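Engineer: Got a structure here, written out as structure tokens. Questions coming.
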Amino acid sequence: MKSQEEEEVVLCGDGRCDSPGHSAKYCTYTFLDVQSQKVVDFKVVSCTQVSSSNTMEIRGFKEALTTIEGNGVKVSTISTDRHPQIVKEMRVSNPEKCHEFDPWHVAKGVSKKLAAAAKRRECEGLGEWIPSIINHFWWSAQTCGGDAEVLKEKWVSVIHHVTNRHDWPGNRHYHCCAHEPLDETSQRSKLWLQPGSEGHQALVKTVKDKRLLKDLGHLTKCIHTTSLEVYHSMYLKYLPKRTHFGYDVMIHASMLAALDHNNNANRGQAVYQDGESVGEPKFKISWSKVHKRFRARPVAVQKDYGYMKAMVADVLSSVSDSNQGVDMRETQTHIMAPQDRLPRSQIIVQTQQFSRFK
Numbered sequence: 638m639k640s641q642e643e644e645e646v647v648l649c650g651d652g653r654c655d656s657p658g659h660s661a662k663y664c665t666y667t668f669l670d671v672q673s674q675k676v677v678d679f680k681v682v683s684c685t686q687v688s689s690s691n692t693m694e695i696r697g698f699k700e701a702l703t704t705i706e707g708n709g710v711k712v713s714t715i716s717t718d719r720h721p722q723i724v725k726e727m728r729v730s731n732p733e734k735c736h737e738f739d740p741w742h743v744a745k746g747v748s749k750k751l752a753a754a755a756k757r758r759e760c761e762g763l764g765e766w767i768p769s770i771i772n773h774f775w776w777s778a779q780t781c782g783g784d785a786e787v788l789k790e791k792w793v794s795v796i797h798h799v800t801n802r803h804d805w806p807g808n809r810h811y812h813c814c815a816h817e818p819l820d821e822t823s824q825r826s827k828l829w830l831q832p833g834s835e836g837h838q839a840l841v842k843t844v845k846d847k848r849l850l851k852d853l854g855h856l857t858k859c860i861h862t863t864s865l866e867v868y869h870s871m872y873l874k875y876l877p878k879r880t881h882f883g884y885d886v887m888i889h890a891s892m893l894a895a896l897d898h899n900n901n902a903n904r905g906q907a908v909y910q911d912g913e914s915v916g917e918p919k920f921k922i923s924w925s926k927v928h929k930r931f932r933a934r935p936v937a938v939q940k941d942y943g944y945m946k947a948m949v950a951d952v953l954s955s956v957s958d959s960n961q962g963v964d965m966r967e968t969q970t971h972i973m974a975p976q977d978r979l980p981r982s983q984i985i986v987q988t989q990q991f992s993r994f995k
């Protein structure tokens, strides 16, 4: 990031807890540079450092952003999920920065609402439209040209398309569907929704949800955090969930994960080296639970861990040059508990004195 000190950077951020639910002990908040796709900084927050586990993510967000800006990096835009505390922090403390939402998280929420409505018997036919509706959502965000009003009009237009109506008056920017006119065969093969039916009303309610329409203003740049999700998936190799680790292990393992990601980011697609397909790009065919069909995923070239040799050499050199042993047991009272630890004997006396069995 030192090379970009004179430029304004775009970051995407997300938090990752060590266990699901509201009983997590650690939360690691990571910022990734959108242009280079590399980890810029991360902060590990313990639940003992905050009032509750629900506030760990916002604390990690604040500390990581402070560190990044403290090193002279100018941040212009930050893309996150719709975490209420982060939304307020950006609105109150960072009004000069553009706050974008990750379209994937928003699309996932829309898909869940539509899937729940489609399970009702009276909403028959709505379920078949969900993939197309989500595709339309992504298309609207990608083609709005940074204009929130255009994005809103394009998104809402889906309630007309599903009823086989492809033009409508009243809008300022978007008045008809962008696809080619449908032939008679295509129109007959579609399971169009009837205007005013239960399924159509459920769709209208979801599409015109007040919070969703308000959040569209944070989707105009369509900055998604896919690379950050990939990083969190790889992160499990170093720090699997539902496994307890000490605070120092969380820090050091997170460093190794960040180094692994940064040294292998932006890898090209692998190609066949021999056989009939020599020179052709490699793909992995797998079944997608989301799309309900087989999909081809590009296979990247193998990772290069050559950077670890230099790390090991530096460690061995440091140990051999040191005449004293290294004490790895650092004082972490402020991390493991909100108060300083009293002498052992005093703690035992207090425990016995206030025991409820006496």
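Numbering (the numbering used here), first residue to last: 638 to 995. In this text, a Cβ means the ideal position worked out from N, Cα and C, and glycines have one as well. Keep in mind the model is a prediction, meaning the values are calculated, not measured.
Evaluate V646 with the Cβ neighbour count: other Cβ atoms within 10 Å of its Cβ, from every protein chain shown; 16 or more gives buried, anything less gives exposed.
Structural biologist: As a first step, residue 646 is located in the sequence shown; it is residue number 9 there, counting from the start. V646 should be labelled buried.
Engineer: Have a look at A907 and K940 and give me their C-alpha separation to the nearest angstrom.
Structural biologist: If you number the sequence shown from 1, residue 907 lands on position 270. If you number the sequence shown from 1, residue 940 lands on position 303. So the two alpha carbons sit approximately 11 Å from each other.
Engineer: Can you tell me the Cα-Cα spacing of H855 and L751, whole angstroms?
Structural biologist: The residue given as residue 855 occupies position 218 in the sequence shown. The residue given as residue 751 occupies position 114 in the sequence shown. If I take the Cα positions, the gap works out to 22 Å.
Engineer: Tell me the residue span of the alpha helix (DSSP H) that contains K711.
Structural biologist: Locating residue 711 in the sequence shown gives position 74, where the first residue counts as 1. Not the alpha helix (DSSP H): K711 falls in the beta strand (DSSP E), residues 711–717.
Engineer: Per DSSP, what kind of secondary structure is G746 in: helix, strand or coil?
Structural biologist: In the sequence shown, residue 746 corresponds to position 109, counting from 1. Three-state result, G746: helix.
Engineer: Below 9 Å between beta carbons: does that hold for H898 and V676?
Structural biologist: The residue given as residue 898 occupies position 261 in the sequence shown. The residue given as residue 676 occupies position 39 in the sequence shown. Yes. Within cutoff.
Engineer: Would you check if the distance between the CB atom of I796 and the CB atom of K845 is smaller than 9 Å?
Structural biologist: Numbered from its first residue, the sequence shown carries residue 796 at position 159. Numbered from its first residue, the sequence shown carries residue 845 at position 208. Yes, the pair counts as a contact, with Cβ atoms nearer than the cut-off.
Engineer: On the three-state DSSP scale, how would you describe F774?
Structural biologist: The residue you call residue 774 lines up with position 137 of the sequence shown. Correct three-state label for F774: helix.
Engineer: Tell whether a beta-carbon distance below 9 Å holds between T704 and L865.
Structural biologist: By one-based count along the sequence shown, residue 704 stands at place 67. By one-based count along the sequence shown, residue 865 stands at place 228. Cβ distance not < 9 Å, so T704 and L865 don't count as in contact.
Engineer: Rounded to the nearest angstrom, what separates D804 and C814 at their Cα positions?
Structural biologist: Indexing the sequence shown from 1 puts residue 804 at position 167. Indexing the sequence shown from 1 puts residue 814 at position 177. Their Cα atoms are separated by approximately 6 Å.
Engineer: Answer yes if the region 684–693 comes into contact with the region 725–742, meaning at least three C-beta pairs across the two stretches below 8 Å, and no otherwise.
Structural biologist: Flag = no, the region 725–742 and the region 684–693 do not touch.
Engineer: Expressed to the nearest angstrom, what Euclidean distance is found between the alpha-carbon atoms of P818 and S777?
Structural biologist: For the purposes of this step, residue 818 is taken as the residue at position 181 of the sequence shown. For the purposes of this step, residue 777 is taken as the residue at position 140 of the sequence shown. Spanning the two alpha carbons is a distance of roughly 19 Å.
Engineer: Measuring CA to CA, which of L893, N801, Q722 is closest to R825?
Structural biologist: The count along the sequence shown starts at 1 and reaches residue 825 at position 188. Checking every option, the nearest Cα to that of R825 belongs to N801.
Engineer: With a CB to CB cut of under 6 Å and the five nearest residues on each side skipped, what residues in its chain are close to E835?
Structural biologist: In the sequence shown, residue 835 corresponds to position 198, counting from 1. Taken in chain order, the residues that qualify are E759, C760.
Engineer: DSSP on G764, reduced to helix/strand/coil?
Structural biologist: Your numbering for residue 764 matches position 127 in the sequence shown. It is helical.
Engineer: Run through the region 890–951 for me and flag every whole beta strand (DSSP E) of 3 or more residues, listed as ranges in chain order.
Structural biologist: DSSP runs (the beta strand (DSSP E)) wholly in the region 890–951: 920–925, 930–935.
Engineer: If you reduce the DSSP assignment to three classes, tell me which class D958 lands in.
Structural biologist: Walking along the sequence shown from the start, residue 958 turns up at place 321. Helix, per DSSP.
Engineer: Could you check what DSSP says for V882 in three-state terms: helix, strand or coil?
Structural biologist: Position 245 of the sequence shown, counted from the start, is the residue given in the question as residue 882. Checking the displayed sequence, the identity of residue 882 turns out to be Phe instead of Val. Coil, per DSSP.
Engineer: Between V664 and T717, is the Cβ-Cβ spacing less than 9 Å?
Structural biologist: Taking the first residue of the sequence shown as position 1, residue 664 is located at position 27. Taking the first residue of the sequence shown as position 1, residue 717 is located at position 80. First, the amino acid is wrong: residue 664 is Cys here, not Val. Result no, Cβ atoms of C664 and T717 do not sit closer than 9 Å.
Engineer: Provide the residue(s) that pair with Y868 in DSSP beta bridges, ordered along the chain.
Structural biologist: To locate residue 868, count along the sequence shown from 1; it is residue 231. For Y868, which the question treats as bridged, DSSP gives no partner whatsoever.
Engineer: Take the Cβ of L702 as the centre, count every other Cβ of all protein chains shown within 10 Å, and call the residue buried at 16 or more, exposed below.
Structural biologist: Position 65 of the sequence shown, counted from the first residue, corresponds to residue 702. Counting Cβ neighbours within 10 Å, L702 comes out buried, since at least 16 surround it.
Engineer: Check whether the region 704–714 touches the region 916–927, taking contact to mean three or more Cβ pairs, one atom from each stretch, closer than 8 Å.
Structural biologist: The region 704–714, when compared against the region 916–927, does not touch it at the 8 Å Cβ threshold.
Engineer: Compare the Cα-Cα distances from L853 to each of A894, R904, W792 and report the closest residue.
Structural biologist: In the sequence shown, residue 853 corresponds to position 216, counting from 1. Comparing Cα positions, the closest option is W792.
Engineer: Would you list the residues sitting across from L648 in a DSSP beta bridge?
Structural biologist: Translated into positions along the sequence shown, residue 648 becomes position 11. L648 is bridged to D670, I715.
Engineer: For the region 790–823, which segments carrying the alpha helix (DSSP H) assignment without a break, of at least 4 residues, lie completely within its bounds, in sequence order?
Structural biologist: With a minimum length of 4 residues, the continuous alpha helix (DSSP H) runs that stay inside the region 790–823 are 795–798.
Engineer: Can you round the beta-carbon distance between L620 and A895 to whole angstroms, since I take them to be within the 8 Å contact cut?
Structural biologist: Here the chain covers residues 638 to 995 and nothing more, so residue 620 does not appear.
Engineer: I need the straight-line Cα distance from V867 to A902, nearest angstrom please.
Structural biologist: The count along the sequence shown starts at 1 and reaches residue 867 at position 230. The count along the sequence shown starts at 1 and reaches residue 902 at position 265. Straight-line Cα distance between these residues: approximately 11 Å.
Engineer: Check the C-beta distance from E786 over to L828 and give it rounded, since I have them as a contact under 8 Å.
Structural biologist: The residue labelled residue 786 in the question sits at position 149 within the sequence shown. The residue labelled residue 828 in the question sits at position 191 within the sequence shown. Not confirmed; about 31 Å, so no contact.
Engineer: Could you check what DSSP says for T780 in three-state terms: helix, strand or coil?
Structural biologist: To locate residue 780, count along the sequence shown from 1; it is residue 143. T780: coil per DSSP, three-state reduction.
Engineer: Using the rule of at least 16 other Cβ atoms within 10 Å of the residue's Cβ for burial, across every protein chain shown, is H659 buried or exposed?
Structural biologist: Numbered from its first residue, the sequence shown carries residue 659 at position 22. By the 10 Å Cβ count, H659 comes out exposed.
Engineer: Evaluate V682 with the Cβ neighbour count: other Cβ atoms within 10 Å of its Cβ, from every protein chain shown; 16 or more gives buried, anything less gives exposed.
Structural biologist: Position 45 of the sequence shown, counted from the start, is the residue given in the question as residue 682. Burial call: buried.
Engineer: To the nearest angstrom, how far is it from the Cα of H816 to the Cα of I770?
Structural biologist: Mapped onto the sequence shown, residue 816 falls at position 179. Mapped onto the sequence shown, residue 770 falls at position 133. Going from the Cα of H816 to the Cα of I770 covers about 14 Å.
Engineer: So what does DSSP say about E733, is it helix, strand or coil?
Structural biologist: Within the sequence shown, numbered from 1, the residue matching residue 733 stands at position 96. Here E733 sits in coil by DSSP.
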